[in-house]
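Chains G and P are the protein sequences, given in the same order. At position 91 of the first sequence (counting the first as 1) the number is 91 in our numbering, and the numbers step up by one without a gap. Positions in the second sequence are counted from 1; adding 112 to them yields our numbering. Just so it is clear, CB atoms sit at the ideal spot from N, CA and C, and this is done for glycine as well. Since the structure is predicted, the reported quantities are computational estimates derived from the model, not experimental observations.
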Amino acid sequence: SQQGEEDPQALSIQEGENATMNCSYKTSINNLQWYRQNSGRGLVHLILIRSNEREKHSGRLRVTLDTSKKSSSLLITASRAADTASYFCARLNSGGYQKVTFGTGTKLQVIP
Amino acid sequence: DVKVTQSSRYLVKRTGEKVFLECVQDMDHENMFWYRQDPGLGLRLIYFSYDVKMKEKGDIPEGYSVSREKKERFSLILESASTNQTSMYLCASSLWGTGGPGELFFGEGSRLTVL
C-alpha cells in the first residue's frame, strides 16, 4: 500500500491529558500535513511540516518529523472535549507527479 | 475564506447509472483532488489535477474518470456505478507550496449510495 500507517487507530483520554498520534510512511516526502475531521464532515488543515524541519508548533499542537525513521507524531496538549475528532496525516510524496496521500487516521475521544 | 463546494451532500443511484460529482472552488487554486473515504481505509486518492485540462491517476482510478475544463471546477464521473462505489467522496483544492501542493481545502463531502 502506498498509504502509511497511523497509530493508534483509536485513542480515548480524559480532558486535560495529552494525546499523541503517530504516522509512518514508506516513500520520501516533500512535506507532511496533519488534518482533523469532525464526524461526517470535510477535513480541516492543522499544520504542515517540511522535510527539512524537525519540529513545529501551533497553539496546543506540536508536530515532529523524523525523516530517517519515516515517521511523524502529532501531540495535542491539555486536550479538550472539543478535540474529539479523527486525525489524519497526509504525505506529499517527492519526485514525479506529486501525490498527496493520506493514512487511515486516528480516532480521538476526549472524555469530559 | 476559501470555499470548496460539492454539488450534492447525499446521492442515491442505481447500479449501472452514470454519476457526476461536481466540485467548485472559488480561490483560483491550481490543484484539485478527488478522494474517497471508507471506514478503516482512510482517504484514498482517485484522481488529481494540477492544471486545466490536466489529470493524473491516483491510487484507485479504476471505474472513475474526471474532467477539468475550467480552473475552478473538477468533476468526478462514474461511468457505470457499482455497489462497491458506495462511499463518501471528498474534493479538495490547494495552491502550489514549496516543492508541491500546499495546504488542502476540503469540501463537505458527497455521500453516494449505489443500490
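When you compare the CB of D171 of chain P with every CB in chain G, is at least one pair closer than 8 angstroms?
yes
Presumed contact (8 angstroms Cβ cut-off) between L188 of chain P and Y176 of chain P, rounded CB distance:
6 angstroms
Using the C-alpha atoms, what's the distance from Q109 of chain G back to G138 of chain P?
Per the sequence presented here, residue 138 of chain P reads as Asp, with Gly not at that position. Looking at the two C-alpha atoms, the distance is approximately 34 angstroms.
Would you say the beta carbon of I172 of chain P is closer than 7 angstroms to some non-hydrogen atom of the ligand ATP?
Among the components modelled here there is no ligand, and therefore nothing to report on the ligand ATP.
If contact is defined by three or more beta carbon pairs under 8 angstroms, each pair taking one atom from either stretch, is the stretch 115 to 132 of chain P in contact with the stretch 88 to 108 of chain G?
no
Positions along the stretch 89 to 112 of chain G whose CB lies within less than 9 angstroms of some CB in chain P
Of all residues in the stretch 89 to 112 of chain G, those with a C-beta nearer than 9 angstroms to a C-beta of chain P are A90, L92, N93, S94, Y97, Q98, K99, V100, T101, F102, G103, T104 and G105, reading in chain order.
Is S71 of chain G closer than 8 angstroms to C23 of chain G when the C-beta atoms are compared?
Cβ distance < 8 angstroms, so C23 of chain G and S71 of chain G count as in contact.
For W208 of chain P, is the classification buried or exposed, using 16 other Cβ atoms within 10 angstroms of its Cβ as the cut-off for buried?
Counting Cβ neighbours within 10 Å, W208 of chain P comes out exposed, since fewer than 16 surround it.
Compare the C-beta of T210 of chain P against all C-beta atoms of chain G and say whether one is closer than 8 angstroms.
yes
Out of curiosity, what's the CA-to-CA distance linking T64 of chain G and L43 of chain G?
21 angstroms
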